[in-house]
Amino acid sequence: MNNISLEKLGQTVNAMKQNRELAMKKWTAHIEWKDGVENQVDIRNFQPIVTDEPEILGGTDKGANPVEYLIGAVGSCFAITFEVIASQMGIKLEKVEVDIEADLNAAIFLGLEEGDGGILNPIINLRVAASASEEQIKEIGNIALLKSPVLASLKHSPALKINLIK
């Protein structure tokens, strides 16, 4: 359905039901500083991603900044979650578009103010053409907000382990 392999997904679900240890998957990324505030992010065997900052924040604007990647990850994870749930419900999707915006107070990052330094007031705008009613789309969208792993991750702070390089 919608070019999502529900068969493969079902096999994964069944395997996890039989062995709960399969439900936990470790994901990794390697980040290496290049120069200034430019970093290279390596994930699995994909092309490296460059992160940088715009010139007004001390960078050279060679790539999107981490906040832009974060809201992109939030929006795309929401979209994937929506698409999978809709497909599992047998809904034919013709078009799915997601726009996301969020505020960030750079004064907190720069030490000029105290407060919440994370993204604030995120808004996801979902546009869908599908074989479903508006009520069904709203229901699936609200479920996707709750089930999206990246959205859920925004509620947790990582542990920090430091290893000095000699």
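Just so it is clear: in the sequence shown, position 152 is 132 by my numbering, and no numbers are missing.
All residues carry an ideal CB built from backbone N, CA and C; glycine is no exception.
Item                                                                                                              : Value
CB contact flag (Ala67, Asn(-18), <8 Å)                                                                           : Reading off the sequence, residue 67 comes out as Ser, not Ala. Yes. Within cutoff.
Euclidean distance between Cα positions of Trp7 and Gly38                                                         : 30 Å
Beta-carbon spacing of Leu170, Ala82 below 8 Å                                                                    : Outside the displayed span of the chain (-19 to 146) sits residue 170, for which this structure offers no information.
Per DSSP, cross-strand counterpart(s) of Leu106                                                                   : Val78
Residues that Leu100 bridges to, as DSSP identifies them                                                          : Asp83
Validate contact between the stretch 123 to 132 and the stretch 45 to 64 using beta carbons, cut 8 Å, 3 pairs     : yes
Neighbourhood of Glu93 by C-beta, 7 Å cutoff - its chain only, sequence neighbours within 5 removed               : Asn85 and Ala87
In chain order, each alpha helix (DSSP H) run of at least 4 residues that lies wholly inside the stretch 18 to 70 : 46 to 68
Distance CB(Val30)-CB(Glu18) smaller than 8 Å                                                                     : yes
Buried or exposed by the 16-neighbour rule on C-beta atoms within 10 Å, applied to Asp32                          : buried
Cutoff 8 Å; reference Asp41; Cβ partners in own chain excluding five residues on either side                      : Asp32, Glu33, Pro34 and Glu35
C-alpha distance - Ile117 paired with Lys14, whole-angstrom precision                                             : 44 Å
Cβ pair Ile123, Ile60 closer than 8 Å                                                                             : no
Beta-carbon spacing of Ile80, Val54 below 8 Å                                                                     : yes
Whole-angstrom C-beta distance between Val78 and Ile104, which should lie under 8 Å                               : 6 Å
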